[in-house]
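Going by my numbering, the sequence shown opens with residue 38, and the numbers climb by one from there.
Built from N, CA and C at the ideal position, the CB exists for glycine as well.
Only a predicted model underlies this, so the values are computations on that prediction, with no experimental measurement involved.
Notes for the one structure printed next.
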Amino acid sequence: MEESDNIVIGENVDLLGRQNRLYRTKIEDTQGNGFFLVGVPRFGGVPMPVHMDDKLYLVFYRESGRFVTEMKVVGFENRDEVRYTWLHQETEPVRDQRREVFRVPVLFDVMVYDYTEDLENNISVFGTADEALFVEKVSSRDISVAGIAIVTKREYEIGENRYLKLFLDWPQKGASPFLTCCTVRRIARWRDTGQSIVGMSYFGLSRLMNEHISRYVLEEQRRQLKQKRLVESK
């Protein structure tokens with residue numbers, strides 16, 4: 038295992054729960070030999086149920102991507118009236134390859150909002166976001182069936198959740214914006230401009246929402262390939 042793949046005390050990590058939700062927690066302590074103590078994993082303030090001998094997937098993040106390793110719950114410990122969970126690492130970390138999908142370079146407006154559980158409970162295909170949660174308006178760089186990249190001057194952290202309102206202008210011009218939950222997966226900074234490309238992956242998509250994005254990406258891919266053939270034929 039490379040040094041960059043080591044999980045360290047104080048690091049924010051996720052535990053993969055039901056419905057592919059990522060419950061955020063933190064490495065509080067370690068005993069070496071693959072034993073890690075974590076706090077209560079939470080998603081939108083709701084704790085994740087954890088039981089003895091549960092097999093869980095722990096997710097952590099590096100500049101090179103997202104890594105997953107299998108953990109087993111091996112014990113519990115109370116410190117200052119707070120319950121912590123001991124995990125044992127069962128497998129070597131493996132880079133999650135879900136990023137390796139076809140990305141369509143396309144520019145459209147994106148509104149970024151703070152993430153709240155209440156907003157997720159009311160999310161719909163053409164939902165609206167609370168303006169009080171507004172963060173910034175940016176432009177997309179590319180989009181795929183798994184996620185989206187935006188261009189921004191703001192600072193984001195790998196692993197944090199956001200809501201994005203995507204102005205896809207599809208299936209017809211002037212269509213309602215599309216609201217989705219996203220998690221920051223990668224950050225690439227341009228030093229000369231002060232901007233960053235922030236790659237995010239979707240989570241919590243309904244089947245209808247997933248089909249909507251998939252159809253958009255497919256149609257945009259076809260449109261760009263058709264345009265390329267027209268240019269090359271001249």
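Evaluate residue i with the Cβ neighbour count: other Cβ atoms within 10 Å of its Cβ, from every protein chain shown; 16 or more gives buried, anything less gives exposed.
{"i": "MET89", "result": "exposed"}
{"i": "SER272", "result": "The shown model of the chain, from 38 to 271, leaves out residue 272, and the question about it has no answer."}
{"i": "PRO78", "result": "buried"}
{"i": "PRO130", "result": "buried"}
{"i": "LEU255", "result": "exposed"}
{"i": "THR122", "result": "buried"}
{"i": "LYS202", "result": "buried"}
{"i": "ARG103", "result": "buried"}
{"i": "LEU205", "result": "buried"}
{"i": "VAL119", "result": "exposed"}
{"i": "SER176", "result": "exposed"}
{"i": "ALA225", "result": "exposed"}
{"i": "ALA186", "result": "buried"}
{"i": "ARG178", "result": "buried"}
Run through the DSSP bridge pairs and tell me what residue i is partnered with.
{"i": "GLY196", "result": "Beta-bridge pairing links GLY196 to no other residue."}
{"i": "ILE185", "result": "ILE180 and MET237"}
{"i": "MET148", "result": "LYS174 and LYS202"}
{"i": "VAL141", "result": "ILE180"}
{"i": "ILE224", "result": "VAL235"}
{"i": "ASP51", "result": "ARG61 and VAL96"}
{"i": "LEU216", "result": "LYS202"}
Using a Cβ-Cβ cut-off of 8 Å (strictly less than) and excluding sequence neighbours within five positions of residue i, which residues of its own chain qualify?
{"i": "MET108", "result": "LEU52, PHE73, LYS92, LEU93, TYR94, LEU95, LEU124, HIS125, GLN126 and GLU127"}
{"i": "ILE46", "result": "ILE64, GLU65, ASP66 and THR67"}
{"i": "GLU48", "result": "LYS63, ILE64 and PHE97"}
Among the residues of its own chain, which have a CB less than 6 Å from the CB of residue i, if the five just before and after it don't count?
{"i": "ARG259", "result": "none"}
{"i": "VAL83", "result": "none"}
{"i": "SER238", "result": "ALA183, GLY184, THR220 and ARG222"}
{"i": "ARG58", "result": "PHE80"}
{"i": "ASN198", "result": "TYR152 and THR220"}
{"i": "PHE215", "result": "LEU203 and LEU205"}
Looking only at its chain, what residues have a beta carbon closer than 7 Å to the beta carbon of residue i, apart from the 5 residues adjacent to it on each side?
{"i": "SER251", "result": "VAL182"}
{"i": "TYR60", "result": "ASP51, LEU52, GLY54, PRO78, ARG79, PHE80 and MET85"}
{"i": "GLU257", "result": "VAL141 and VAL143"}
{"i": "TYR253", "result": "LEU205 and TRP207"}
{"i": "ARG191", "result": "GLU173"}
{"i": "GLU194", "result": "VAL221"}
Any beta carbon from chain B within less than 9 Å of residue i's own beta carbon?
{"i": "PRO78", "result": "Absence of chain B from the displayed structure is noted, only one protein chain being present."}
So within the segment 56–131, which uninterrupted beta strand (DSSP E) runs reach at least 3 residues, ignoring any that extend past its ends? Segments of the beta strand (DSSP E) lying fully in the segment 56–131: 59–69, 72–75, 92–99, 102–116 and 119–126.
message: With three or more C-beta pairs closer than 8 Å as the rule, is the segment 203–213 touching the segment 222–238?
response: Not touching, per the Cβ criterion.
Could you tell me whether the segment 103–120 touches the segment 145–156, using the rule of 3 or more Cβ pairs below 8 Å? Taking 8 Å as the limit for Cβ pairs, the verdict is that the segment 145–156 does not touch the segment 103–120.
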